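Peer 1: One structure follows; several queries about it will come next.
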Amino acid sequence: MFNNYRNLFLALFMTFCTAASADLAIIAHPDYDGGELDEELVKKLFLGELRAFPSGHQASPANHAEGSPDRKHFFEYVLKMGESRHKRYWSRKVSTGKKGAPKELNSYEELLGWVANTPLSIAYIDKGKVDDSVKVLLTVYVFDDI
């Protein structure tokens, strides 16, 4: 009987671990040499508060399209805002003559292809979707409510 409870516990634990994490990789062009980044610098790049990497090279950030789970996690864990607040933020910024919001891409394939072929690009993606065509700069650990 003890073995049955142990097996049940292990099965539930493994399910929790799998369902609970959806880590994001902050990715860049494979030749990226723009200096070290942390979450705060990434946030500033995606909010247009910084336009360049620590090396001084102009950054080209890209978001997933609205509705993407990766976008939701990135906004919540890195930008610390939801979708509606993000829209208001960029509406105000654009109305004051600032540069527009980051480019939006519709699929993992489109995002990976754009980053792989665009020097000085930066984006985020589910860590499990990363391939050899891009360079991982940082991992953001995400835990969903279950």
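Those letters in the sequence shown? Residues 1 to 146, per this note's numbering, in order.
Just so it is clear, CB atoms sit at the ideal spot from N, CA and C, and this is done for glycine as well.
Because the structure is a prediction, the values reported are computed rather than measured.
Going by the CB atoms, is the gap between L24 and V142 shorter than 8 Å?
Peer 2: To locate residue 142, count along the sequence shown from 1; it is residue 142. To locate residue 24, count along the sequence shown from 1; it is residue 24. Yes, the Cβ-Cβ distance between V142 and L24 is below 8 Å.
Peer 1: At the level of alpha carbons, what is the spacing between L50 and L120?
Peer 2: In the sequence shown, counting from the first residue as 1, residue 50 sits at position 50. In the sequence shown, counting from the first residue as 1, residue 120 sits at position 120. Their backbone Cα atoms lie some 14 Å apart in a straight line.
Peer 1: For I26 versus Y89, is the C-beta spacing smaller than 8 Å?
Peer 2: Working through the sequence shown from its first residue, we reach residue 26 at position 26. Working through the sequence shown from its first residue, we reach residue 89 at position 89. Judged by their CB atoms, I26 and Y89 are not nearer to each other than the 8 Å cut-off.
Peer 1: Would you mind sorting A28 into buried or exposed? The rule is 16 or more other CB atoms within 10 Å of its CB.
Peer 2: Here residue 28 refers to the residue found at position 28 when the sequence shown is read from its first residue. Classification for A28: buried.
Peer 1: Whole angstroms is fine: what's the gap from D126's alpha carbon to G97's?
Peer 2: Working through the sequence shown from its first residue, we reach residue 126 at position 126. Working through the sequence shown from its first residue, we reach residue 97 at position 97. Near 33 Å, if we compare the C-alpha coordinates of G97 and D126.
Peer 1: Measuring CB to CB, does E83 end up less than 8 Å from F74?
Peer 2: Translated into positions along the sequence shown, residue 83 becomes position 83. Translated into positions along the sequence shown, residue 74 becomes position 74. Result no, Cβ atoms of E83 and F74 do not sit closer than 8 Å.
Peer 1: Would you list, in sequence order, the uninterrupted alpha helix (DSSP H) runs of no fewer than 4 residues that lie entirely inside the region 67-117?
Peer 2: 69-74, 83-95, 108-117
Peer 1: List, from N- to C-terminal side, the beta strand (DSSP E) runs of 3 residues or more that fit wholly inside the region 17-65.
Peer 2: 24-28, 60-64
Peer 1: Beta-carbon separation of V78 and V134 under 8 Å?
Peer 2: By one-based count along the sequence shown, residue 78 stands at place 78. By one-based count along the sequence shown, residue 134 stands at place 134. For V78 and V134, no; Cβs fall outside 8 Å.
Peer 1: Any idea if S68 is buried or exposed, counting beta-carbon neighbours within 10 angstroms, 16 or more meaning buried?
Peer 2: Counting from 1 along the sequence shown, the entry for residue 68 is found at position 68. Counting Cβ neighbours within 10 Å, S68 comes out buried, since at least 16 surround it.
Peer 1: In the DSSP assignment, find the unbroken beta strand (DSSP E) run with K135 in it and report its ends.
Peer 2: Locating residue 135 in the sequence shown gives position 135, where the first residue counts as 1. Run containing K135: 135-140, per the beta strand (DSSP E) assignment.
Peer 1: Beta strand (DSSP E) containing D132: first to last residue?
Peer 2: For this step, residue 132 is matched to residue 132 along the sequence shown. Where D132 is concerned, there is no enclosing beta strand (DSSP E), given that its DSSP letter is neither H nor E.
Peer 1: Given a cut-off of 8 Å, decide if A65 and E104 are closer than it, judged by their beta-carbon atoms.
Peer 2: What you label residue 104 is simply residue 104 of the sequence shown in a count that begins at 1. What you label residue 65 is simply residue 65 of the sequence shown in a count that begins at 1. E104 is a Cβ neighbour of A65, given a cutoff of 8 Å.
Peer 1: Starting from the C-beta of K32, find all residues in its chain whose C-beta is less than 6 Å away, skip the five residues before and the five after it, and write them out in chain order.
Peer 2: In the sequence shown, counting from the first residue as 1, residue 32 sits at position 32. Residue 32 is actually Tyr in this sequence, not Lys. Excluding sequence neighbours, Y32 sits near K135.
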